[in-house]
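Asker: Residue numbers for the sequence shown, in my numbering: 5 to 217. Every residue, glycine too, gets a C-beta built ideally from N, C-alpha and C.
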Amino acid sequence: MNLLSVLMMLTQVANTNDETGAELLRYKHNKEIPVLIEQNVLKALAFFPELRDARISFIFKRNIKGSVMQAQPVFATLVGPRKARRYRINISSQFKLISTQMPIQDIPADVMIGWIGHELGHILDYEGRSNAGLVSFGYNYYFSPKYVKHAEMVADSFAVERGMGNYILATKRFILDHAELPQAYKDKISRLYLSPDVIVEQVRLLEEKKRQE
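Here it is in structure tokens:
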């Protein structure tokens, strides 16, 4: 399967998940979402039915050092039962470029959906861990670059496996091809996250597996 065929297939997958605004509202359960990005967040949540009951707050921040978004457990909730666990996705309110910046909600919709999808991949990963396991995850993530790379690739892969390959690819291409993004940030994305070629290959393998089932 060539690259053009895979990209066409990705577009078809996206169209099959294109729910109306009214249908998307069902994904707001236990979620706190800023109105400015609600539609894009709900579109991303639609790919993660496992997170329907997860308590997630999407929070605008003025500055997130070294990142555009961060998915984190609310650590105060890790001392109680798992059903009380809460998460937050911090989102930089401004998308910073070399010579300027723009409101985060002004980036292309597919890019925003892909970015949110990656963060939801992290939360899906967190959901599979115990409270103690999440504390250990935070420690390793902070101190081990190798662990960071593994965690970021797992989040990307979870999103791709749930049909978000086109959105994750759009986000990566937006970052890597953007002339006004600092090269250091592009290098970080290239080093820690799935490459566009790997994403396309993952989608191809998923489709091949579906055909064989």
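(1) Would V139 pass as a contact of L196 if the rule is Cβ separation under 8 angstroms?
(2) Closest by CA to G70, which one among K100, I108, R208, Y130?
(3) What do you reckon, are the CB atoms on Y130 and Y171 nearer than 8 angstroms?
(4) Could you check if Y143 is buried or exposed, using at least 16 other CB atoms within 10 Å of its CB as the buried criterion?
(5) Assuming N44 contacts I68 (C-beta within less than 8 angstroms), just tell me the rounded distance between them.
(6) Give me the residue from D160, F64, S97 with the minimum Cα distance to G121.
(7) Could you check where the beta strand (DSSP E) with F62 kicks off and where it finishes?
(8) Under a three-way DSSP split, which group does P107 fall into?
(9) Using the C-alpha atoms, what's the distance from Q98 back to L124?
(10) Inspect the beta-carbon positions of I206 and V164 and report whether they are closer than 8 angstroms.
(11) Can you name the start and end residues of the beta strand (DSSP E) that N34 belongs to?
(12) Tell me whether L29 is buried or exposed, calling it buried when 16 or more other Cβ atoms sit within 10 Å of its Cβ.
Answerer: From the atom records:
(1) Here the question's residue 139 lines up with position 135 in the sequence shown. Here the question's residue 196 lines up with position 192 in the sequence shown. In this structure, L196 does not lie closer than 8 angstroms to V139 by Cβ.
(2) Reading the sequence shown from its first residue, position 66 is the one you call residue 70. Of the listed residues, the one whose Cα sits closest to G70 is K100.
(3) One-based indexing of the sequence shown puts residue 130 at position 126. One-based indexing of the sequence shown puts residue 171 at position 167. Annotated as distal: Y130 and Y171, with beta-carbon spacing of 8 angstroms or more.
(4) The residue given as residue 143 occupies position 139 in the sequence shown. By the neighbour-count criterion, in which 16 or more other beta carbons inside 10 Å mark a residue as buried, Y143 falls on the exposed side.
(5) Position 40 of the sequence shown holds residue 44. Position 64 of the sequence shown holds residue 68. Actually they are not in contact, since the Cβ atoms of N44 and I68 sit about 18 angstroms apart, beyond 8 angstroms.
(6) Translated into positions along the sequence shown, residue 121 becomes position 117. For the residues D160, F64, S97, the minimum Cα distance to G121 belongs to D160.
(7) Counting from 1 along the sequence shown, the entry for residue 62 is found at position 58. Here the beta strand (DSSP E) through F62 covers 59–65.
(8) The count along the sequence shown starts at 1 and reaches residue 107 at position 103. Here P107 sits in strand by DSSP.
(9) Against the sequence shown, residue 124 aligns to sequence position 120. Against the sequence shown, residue 98 aligns to sequence position 94. Straight-line measurement puts the Cα of Q98 at about 20 angstroms from the Cα of L124.
(10) For this step, residue 206 is matched to residue 202 along the sequence shown. For this step, residue 164 is matched to residue 160 along the sequence shown. The residue asked about is misnamed: residue 206 is Gln in this sequence, not Ile. Cβ atoms of Q206 and V164: closer than 8 angstroms.
(11) Position 30 of the sequence shown, counted from the start, is the residue given in the question as residue 34. According to the DSSP assignment, N34 belongs to no beta strand (DSSP E), since it is labelled neither H nor E.
(12) As a first step, residue 29 is located in the sequence shown; it is residue number 25 there, counting from the start. Counting other Cβ atoms within 10 Å of its Cβ, L29 stays below 16 and is therefore classed as exposed.
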